[in-house]
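Undergrad: A single structure is presented below for examination.
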Amino acid sequence: MPVRSPTYHAFISYSHADRVTARWLHRALEGYRLPRRLVGRSTALGPVPATLSPIFKDREELGAAADLSAELRVALDASRFLVVIASPDAARSRWVNEEIRAFKQGHGDDRVLVLIVAGEPGASRMPGREAEECFPEALRFRVDAEGLITGEPAEPVAADLRRHGDGKRLALLKLVAGLTGLRLDDLVQRDSQRRQKRLAWLATAATVGMLAMGGLALMAGHARDEAQHQRAQAEGLIEFMLTDLRRKLEPVGRLDVMDSVGQRAMAYYGQQQPARLDADALGRRSRALLLVGEVRNLRGDLDGALATYRQAADTTAEQLRRDPGNPQRIFDHAQGEFWVGYVAWQRGDAAPARRHLGRYRDLATRLTAIDPANDDWLIERVYAETNLGALELSQDRPVEALAHFDRALDGWLQLRERSGEAPEQVYQFAQTLAWQADAKRRMGESAAALGLRREEGILYRQLLVDDPKNTKVREALSVSLVRAAQLELERGNDATGAALAGEGVATIESLRAQDPANRLWLEMAVKAANVHAESLMLSRDWDGAAEVNARALADANALVEGDRSVTAWRTDGLLPARWMQAAILVARGEHEAAAPHLQRFVGDFSQDAGAKSPDARFGWLVAKLLVARNARALDDEAAAAQATAEARAYLASLDGGQDARFRAVADWLAPPRTRSPRPEGGDYRLTALVSETPHRR
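Numbering-wise, the sequence shown is residues 91 to 787 according to the working numbering.
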């Protein structure tokens with residue numbers, strides 16, 4: 091029988107349950123263009139082609155036939171390769187098994203490639219896990235020339251699309267390598283440039299290429315098959331940009347490139363009617379909106395961010411309404427709910443924040459109920475618990491917050507048991523320790539809080555050994571250092587606190603130099619500088635404190651001027667910097683200059699006297715005590731007495747809990763015989779700021 095010239099480069103064999111993956115794979119393979127430098131190269135399979143088209147996929151018309159149709163047998167015979175989408179559904183499908191058997195009979199075992207999407211190869215030999223088998227029988231064993239399945243094991247080449255596998259991009263490249271005879275390294279871009287520059291170039295090339303191909307795909311004059319090729323490649327690029335490339339950009343902190351990725355993707359979809367987009371395209375569109383919103387948020391444009399978040403949430407809500415049981419639709423909508431709630435939290439709007447973050451938790455719980463073994467869904471539920479804990483902490487409810495953080499930590503422990511010491515899970519575990527430390531601090535358990543902070547810091551430093559440029563870990567380390575510094579100050583360890591705060595400032599400033607437009611890093615720098623200045627003040631290094639405070643003031647003013655709706659920038663950034671500025675003047679004896687500063691402080695921050703923020707409350711207390719000290723220095727005893735009385739009244743109106751700073755103020759105001767017990771480990775040295783107590787004059 092003469093050898094038939096292949097009509098198809100490959101035949102995709104799949105179960106109906108895996109049709110979405112089959113559709114993606116068909117488009118991705120047909121849309122793939124081999125690099126020009128590789129086209130024509132000789133391999134064991136012959137010259138490398140420019141494309142892999144055509145690929146045979148469509149066997150939906152089988153009906154209830156008892157055997158493979160003649161048309162499918164012709165297609166199998168006319169295909170160079172068979173690509174099997176492997177899953178438990180495929181393993182149970184008699185059609186998939188028959189296609190594999192028939193193909194192997196005519197072509198042998200070596201032309202079969204596999205894309206694993208679910209299940210476990212070889213599980214049929216594992217007692218109790220037989221249902222997880224993803225390889226059909228004809229795939230597991232060799233087939234002879236008579237079409238009989240032998241007992242000899244087959245070892246097909248496989249790409250892994252499962253949760254912890256290769257990812258879409260690498261899996262596709264593995265299949266392309268198998269279909270062309272090229273080495274995988276030939277297809278993977280490698281160069282010796284620094285990682286940050288390489289990713290910036292990659293994003294630019296991808297977005298420009300995507301726009302060009304998107305335009306080509308939409309030009310009416312192009313032939314239909316060429317338009318399909320271009321559209322498939324454009325959408326493949328968008329998927330890569332919104333997933334793999336984004337994950338690579340986040341650690342290096344390039345907001346400009348991330349913004350370009352989101353904007354280019356939106357530009358592509360802006361050329362198309364949303365009503366004509368399928369569910370997957372709408373999902374990519376919503377992810378692009380969320381990315382644009384995140385960048386706007388990081389740049390301090392909360393109004394712009396909220397608008398895009400709401401637009402994304404509206405899209406995902408409609409998708410979920412149409413397909414309420416689809417886990418991907420539940421996940422997509424959960425992201426929109428989170429970001430809308432996050433902006434409300436940033437603005438201090440507790441009610442809408444709790445509503446949207448609660449919906450996020452409910453959606454995450456639905457995901458884990460659908461698939462309890464899915465790590466990604468468990469991660470979403472853990473995130474949701476952490477978010478609600480952070481919200482409770484911002485409302486000065488540390489006990490309730492700690493309950494959420496404990497549940498989150500339990501989730502991360504489960505994930506570490508399942509997946510080992512994956513860097514991202516180690517990072518998230520450390521983040522949960524940080525939240526627990528904040529709650530413990532509010533509850534007055536400073537030793538426990540400090541221990542948690544030390545454990546957290548050790549984990550970050552271990553991660554940075556393997557990835558020293560990871561900006562996410564570096565910013566987390568900066569926060570950890572500053573929080574540990576605060577705990578040391580509250581325990582009376584001023585020198586240790588100053589050293590930790592200084593290291594925290596240096597860490598975040600190195601990130602700011604990398605991207606000055608990043609408002610999150612600016613906010614972190616302000617808070618770190620405030621703690622550093624406070625530590626120098628408590629050590630009575632007034633010149634050093636003045637220098638650090640000047641930088642904090644300039645940055646805090648710039649932050650607040652950018653968006654006055656962000657409550658935390660004012661209460662936790664500018665307000666502390668302002669009272670420290672006045673405290674430095676008072677300590678230096680510049681009482682005439684200090685008086686108007688203190689007066690303006692009261693006027694500018696009157697709206698924040700009832701804030702939930704402990705830093706804002708402490709700032710108000712210290713400001714009143716500074717007014718009293720300054721008034722005495724100016725021989726105005728009446729004003730001093732009034733300010734002291736106002737401080738007592740304000741303190742009495744607060745639930746300061748076990749915060750060491752509030753207890754220090756209470757001690758300062760109380761007669762010696764009625765002072766509260768000392769905090770464990772020492773005292774917050776309030777007298778460095780406001781001099782001796784009224785009862786020691």
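Cβ coordinates follow ideal geometry from the N, Cα and C atoms, glycine included.
If you're wondering where the values come from, they're calculated on a predicted model, not measured in any experiment.
Taking only three categories from DSSP, how would you classify Arg-288?
TA: For this step, residue 288 is matched to residue 198 along the sequence shown. Unreliable placement is indicated for Arg-288, whose pLDDT of 36 sits below 50; no coordinate value is reported for it.
Undergrad: With burial defined as no fewer than 16 other Cβ atoms inside 10 Å of the residue's Cβ, what is the status of Met-216: buried or exposed?
TA: The residue you call residue 216 lines up with position 126 of the sequence shown. It counts as exposed.
Undergrad: Could you check what DSSP says for Arg-280 in three-state terms: helix, strand or coil?
TA: For the purposes of this step, residue 280 is identified with residue 190 of the sequence shown, where counting begins at 1. Residue placement at Arg-280 is poorly supported in this model, since its pLDDT is 30, which falls under 50; the coordinates are not used for a value here.
Undergrad: Could you tell me if Ala-228 is buried or exposed, where buried requires 16 or more neighbouring beta carbons within 10 angstroms of its beta carbon?
TA: Counting from one through the sequence shown, the residue named residue 228 turns up at place 138. Its Cβ being crowded by 16 or more others within 10 Å, Ala-228 is buried.
Undergrad: Is it buried or exposed, Arg-191, if we count other Cβ atoms within 10 angstroms and call 16 or more buried?
TA: For the purposes of this step, residue 191 is taken as the residue at position 101 of the sequence shown. Classification for Arg-191: buried.
Undergrad: Any idea if Arg-285 is buried or exposed, counting beta-carbon neighbours within 10 angstroms, 16 or more meaning buried?
TA: Working through the sequence shown from its first residue, we reach residue 285 at position 195. Note that Arg-285 scores 34 on pLDDT, short of 50, meaning its location in the model is unreliable and no value can be drawn from it.
Undergrad: Using only the alpha-carbon positions, how far apart do Tyr-550 and Leu-115 sit?
TA: Position 460 of the sequence shown, counting from 1, holds the residue named residue 550. Position 25 of the sequence shown, counting from 1, holds the residue named residue 115. Each residue's alpha carbon lies about 38 Å from the other.
Undergrad: Would you be able to state if there are at least three C-beta pairs under 8 Å between the segment 96-112 and the segment 167-185?
TA: The answer is yes - the segment 96-112 touches the segment 167-185, with three or more Cβ pairs under 8 Å.
Undergrad: What are the boundary residues of the beta strand (DSSP E) that Asp-250 is part of?
TA: Reading the sequence shown from its first residue, position 160 is the one you call residue 250. Where Asp-250 is concerned, the enclosing beta strand (DSSP E) stretches over 247-250.
Undergrad: Pick helix, strand or coil for Phe-225, following the three-state DSSP scheme.
TA: As a first step, residue 225 must be located in the sequence shown, where it is residue number 135. DSSP places Phe-225 in coil when its eight states are reduced to three.
Undergrad: Would a C-beta distance cut-off of 8 Å place Gly-652 and Arg-609 closer than the cut-off?
TA: If you number the sequence shown from 1, residue 652 lands on position 562. If you number the sequence shown from 1, residue 609 lands on position 519. Result yes, Cβ atoms of Gly-652 and Arg-609 sit closer than 8 Å.
Undergrad: Output the distance between the C-alpha atoms of Val-616 and Pro-666, rounded to the nearest integer angstrom.
TA: Here residue 616 corresponds to residue number 526 of the sequence shown, with the count starting at 1. Here residue 666 corresponds to residue number 576 of the sequence shown, with the count starting at 1. Between Val-616 and Pro-666, the C-alpha separation is close to 10 Å.
Undergrad: Using only the alpha-carbon positions, how far apart do Glu-210 and Ala-221 sit?
TA: As a first step, residue 210 is located in the sequence shown; it is residue number 120 there, counting from the start. As a first step, residue 221 is located in the sequence shown; it is residue number 131 there, counting from the start. For Glu-210 and Ala-221, the distance between alpha carbons rounds to 9 Å.
Undergrad: Enumerate, from N- to C-terminal direction, the unbroken alpha helix (DSSP H) stretches of 4 or more residues contained entirely within the segment 162-211.
TA: The segment 162-211 contains these whole alpha helix (DSSP H) runs: 178-182, 184-197.
Undergrad: By Cβ distance below 6 Å, which residues in the same chain neighbour Asp-705 in space, the five residues on each side in sequence not counted?
TA: Counting from 1 along the sequence shown, the entry for residue 705 is found at position 615. Closer than 6 Å at the Cβ level, and outside the excluded window around Asp-705, lie Asp-662, Pro-666.
Undergrad: Leaving aside the five residues before and after His-319 along the sequence, list all residues of the same chain whose C-beta is less than 6 Å from its C-beta, in chain order.
TA: Your numbering for residue 319 matches position 229 in the sequence shown. The predicted position of His-319 is uncertain, since its pLDDT is 40 and thus under 50; a value taken from the coordinates is nonetheless stated next. Excluding residues within five positions, the ones whose Cβ falls inside 6 Å are Gly-121.
Undergrad: Quick check on Ile-460: buried or exposed, where buried means 16 or more other Cβ atoms within 10 Å of its Cβ?
TA: Along the sequence shown, one-based indexing puts residue 460 at 370. Per the 10 Å Cβ criterion, exposed.
Undergrad: What does Tyr-432 pair with, by DSSP beta-bridge criteria?
TA: Locating residue 432 in the sequence shown gives position 342, where the first residue counts as 1. Per DSSP, none; premise fails for Tyr-432.
Undergrad: Going by beta-carbon coordinates alone, are Ala-134 and Gly-268 separated by less than 8 Å?
TA: As a position in the sequence shown, residue 134 is number 44, starting the count at 1. As a position in the sequence shown, residue 268 is number 178, starting the count at 1. No, Cβ-Cβ distance for Ala-134 and Gly-268 is not below 8 Å.
Undergrad: Report yes if the C-beta distance between Val-755 and Leu-779 is below 8 Å; otherwise report no.
TA: As a working note, residue 755 is residue 665 in the sequence shown. As a working note, residue 779 is residue 689 in the sequence shown. No, they are not a contact pair.
Undergrad: Please go through the same chain and pick out, in chain order, the residues whose beta-carbon is closer than 7 Å to the beta-carbon of Ala-623, but skip the five residues on each side of it.
TA: Indexing the sequence shown from 1 puts residue 623 at position 533. Contacts found: Ala-635, Val-638, Asn-639, Ala-642, Met-670.
Undergrad: Let me know if Ile-548 comes out buried or exposed under the rule of 16 or more other beta-carbons within 10 Å of its beta-carbon.
TA: For this step, residue 548 is matched to residue 458 along the sequence shown. Answer is exposed; the Cβ neighbour count stays below 16.
Undergrad: Let me know the secondary structure DSSP gives Ser-703 once reduced to three states.
TA: As a working mapping, residue 703 is identified with position 613 in the sequence shown. If DSSP states are grouped into helix, strand and coil, Ser-703 belongs with coil.
Undergrad: Just the C-alpha distance for Asp-773 and Arg-573, rounded to the nearest angstrom, thanks.
TA: As a position in the sequence shown, residue 773 is number 683, starting the count at 1. As a position in the sequence shown, residue 573 is number 483, starting the count at 1. Roughly 17 Å between the two C-alpha positions.
Undergrad: Mapping DSSP to helix, strand and coil, what is Val-233?
TA: Position 143 of the sequence shown, counted from the first residue, corresponds to residue 233. Strand, per DSSP.
Undergrad: Which residue from Ala-498, Lys-559, Arg-581 puts its Cα closest to that of Ala-539?
TA: Counting from 1 along the sequence shown, the entry for residue 539 is found at position 449. It is Arg-581 whose Cα lies nearest to the Cα of Ala-539.
Undergrad: Which residues bound the beta strand (DSSP E) around His-99?
TA: Your numbering for residue 99 matches position 9 in the sequence shown. His-99 -> beta strand (DSSP E) spans 98-103.
Undergrad: Alpha carbons only, please: which of Met-614, Pro-606, Ala-733, Gln-604 is nearest the one belonging to Pro-591?
TA: Translated into the one-based positions of the sequence shown, residue 591 becomes position 501. Looking at the sequence itself, residue 591 is Ala, so the reference to Pro does not match. The option with the nearest alpha carbon to Ala-591 is Met-614.
Undergrad: On a Cα-Cα basis, can you pick out the residue from Val-266, Gly-212, Leu-262 that is closest to Pro-243?
TA: Here residue 243 refers to the residue found at position 153 of the sequence shown. Answer by Cα proximity: Gly-212.
Undergrad: Judging by CA-CA distance, which residue of Leu-262, Leu-203, Ile-206, Gly-198 is the nearest neighbour of Ala-235?
TA: For the purposes of this step, residue 235 is taken as the residue at position 145 of the sequence shown. The option with the nearest alpha carbon to Ala-235 is Gly-198.
Undergrad: Asp-242 lies in the beta strand (DSSP E); which residues open and close that run?
TA: In the sequence shown, counting from the first residue as 1, residue 242 sits at position 152. Checking the sequence, you will find Glu at residue 242 rather than Asp. Per DSSP, Glu-242 belongs to the beta strand (DSSP E) from 239-243.
Undergrad: In this structure, how does DSSP classify Ala-317 when only helix, strand and coil are distinguished?
TA: Residue 317 sits at position 227 when you count from the first residue of the sequence shown. With a pLDDT of 39 at Ala-317, under the threshold of 50, the modelled position of this residue cannot be trusted; read the value that follows with caution. Helix.
Undergrad: With Ser-143 as the anchor, note down where its alpha helix (DSSP H) starts and where it stops.
TA: In the sequence shown, residue 143 corresponds to position 53, counting from 1. Counting along the chain, Ser-143 falls outside any alpha helix (DSSP H), and DSSP gives it neither H nor E.
Undergrad: Using only the alpha-carbon positions, how far apart do Leu-119 and Lys-147 sit?
TA: Within the sequence shown, the letter at position 29 stands for residue 119. Within the sequence shown, the letter at position 57 stands for residue 147. Taking the straight line joining both Cα atoms gives about 11 Å.
Undergrad: Excluding five sequence neighbours on each side, which residues of the same chain lie with their C-beta closer than 8 Å to the C-beta of Glu-482?
TA: Mapped onto the sequence shown, residue 482 falls at position 392. Excluding residues within five positions, the ones whose Cβ falls inside 8 Å are Pro-488, Glu-490, Ala-491, His-494.
Undergrad: Measuring alpha carbon to alpha carbon, tell me which of Ser-177, Pro-414, Arg-419 ends up nearest Ala-402.
TA: Mapped onto the sequence shown, residue 402 falls at position 312. Ala-402 has its Cα closest to that of Arg-419, out of Ser-177, Pro-414, Arg-419.
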